[in-house]
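Asks: Residue numbers (the working numbering): 7 to 370. Think of the CB as a built atom: it goes at the ideal place given N, C-alpha and C, for glycine as much as any other residue.
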């Protein structure tokens, strides 16, 4: 039975729409959702600022991909007498998307934004995702802030959370920041943040080293980057570059998510955890049997620890079998999920973890 004619099968756009239809992906927004989005204003009045800390005088900026428009995370850093004070400032989407509104119900139905090489199917209409909620430079935006104090060892000594209003100074790309960290190259108008970026780099390296020491598993599986031409066809596929700026943002977002989860636990507040259970014993035994052919052994397969797996990955780094061992181990892992129960996050090695960051593109 023909339900809809999309076009010719050799048209890339038609093929893409066909995939969306097959998967039941919601592409167009209902009219009531679009109308609600258009009525939402970016204007901030005194009522909006009630009980919010004014951080518009702080040096805060975003670091994202070259083509990104939905900036939902911004960062700041101060050096203290004992270490560092990290600020992670997250777009306050819930201020604009009210519970049980048409926008809220549609976002819940979609669950997440879907990114593909030639575009995105957003969780929220572009009026919100790319404008009103997006932490664009030189405009005031409503945010939720996590302030985390670290000592020089990267240990958390204090954290606090509050609603805020910020004004991002700069919209950085990952490549720009990586260039600054590597060569010190920076435009004159950005010189005010060069020291901040260098201190952020210092802190992120400390946090990363501590995280892997504590049990995080560092998979080395190259990700493909698909390059499209104007006609929507694939021109080439390259290996996606992951630089020190990516790692910096990764560590800061992990720290914020962990700090929020820990706070909710300490306050005995109900919450949704992002969990990752330990792998199935049968799969671990099969993995052990496979890697034994390379002269590798797990210290134990009974009560497997994330540090045991990380040790295996360290041993194969730079060896011909590195990629196949990483890929097989990744397939051995269970999928991360959301849960009211909290067995912890196995691959990250965290006792408490949740998703506080990226509210523009994911609902949980």
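Could you check if residue 128 is buried or exposed, using at least 16 other CB atoms within 10 Å of its CB as the buried criterion?
Replies: buried
Asks: Could you tell me the distance, in whole angstroms, from the CA atom of residue 198 to the CA atom of residue 65?
Replies: 9 Å
Asks: When you compare the segment 205-212 with the segment 135-152, are there three or more beta-carbon pairs, one atom per stretch, that lie closer than 8 Å?
Replies: The answer is no - the segment 135-152 does not touch the segment 205-212, with fewer than three Cβ pairs under 8 Å.
Asks: In the DSSP assignment, find the unbroken beta strand (DSSP E) run with residue 168 in it and report its ends.
Replies: For residue 168, the enclosing beta strand (DSSP E) covers residues 162-173.
Asks: Spatial neighbours of residue 158 within its chain, please: C-beta separation below 6 Å, excluding the five flanking residues on both sides.
Replies: 89
Asks: Classify residue 153 as helix, strand or coil using the three-state DSSP reduction.
Replies: strand
Asks: Taking the straight line between their C-alpha atoms, what separation do you get for residue 302 and residue 70?
Replies: 39 Å
Asks: Quick check: residue 91 and residue 98, are their CB atoms within less than 8 Å of each other?
Replies: no
Asks: Within its chain, find whatever has a CB closer than 6 Å to the CB of residue 160; leave out the 5 residues flanking it on each side and keep chain order.
Replies: 212, 213 and 216
Asks: According to DSSP, simplified to helix, strand and coil, what is residue 282?
Replies: When DSSP states are grouped into helix, strand and coil, residue 282 belongs to the strand group.
Asks: What is the C-beta distance between residue 265 and residue 279, in whole angstroms, given that I count them as a contact (C-beta under 8 Å)?
Replies: 14 Å between Cβ atoms; not a contact.
Asks: To the nearest angstrom, how far is it from the Cα of residue 193 to the Cα of residue 240?
Replies: 34 Å
Asks: Inspect the beta-carbon positions of residue 173 and residue 136 and report whether they are closer than 8 Å.
Replies: no
Asks: Taking its Cβ as the centre, do 16 or more other Cβ atoms sit within 10 Å of residue 31, making it buried, or is it exposed?
Replies: Counting the other Cβ atoms within 10 Å of the Cβ of residue 31 gives fewer than 16, which makes it exposed.
Asks: Quick check: what's the CA-CA separation for residue 196 versus residue 179?
Replies: A straight-line Cα-Cα distance of about 13 Å links residue 196 and residue 179.
Asks: Could you give the distance in angstroms between the alpha-carbon of residue 257 and the alpha-carbon of residue 10?
Replies: 46 Å
Asks: If we call anything under 8 Å between Cβ atoms a contact, is residue 67 one with residue 175?
Replies: yes
Asks: Cutting at 7 Å between CB atoms, please list the residues of its own chain near residue 14, excluding the five before and the five after it.
Replies: 20
Asks: With H, G and I counted as helix, E and B as strand and the rest as coil, what does DSSP make of residue 177?
Replies: strand
Asks: If distances are taken between C-alpha atoms only, which option among 22, 56, 12 and 95 comes closest to residue 363?
Replies: 95
Asks: Going by DSSP, what residue range makes up the beta strand (DSSP E) through residue 90?
Replies: 89-97
Asks: Does the segment 343-360 come close enough to the segment 102-118 that 3 or more CB-CB pairs lie under 8 Å?
Replies: Too few Cβ pairs lie closer than 8 Å, so no.
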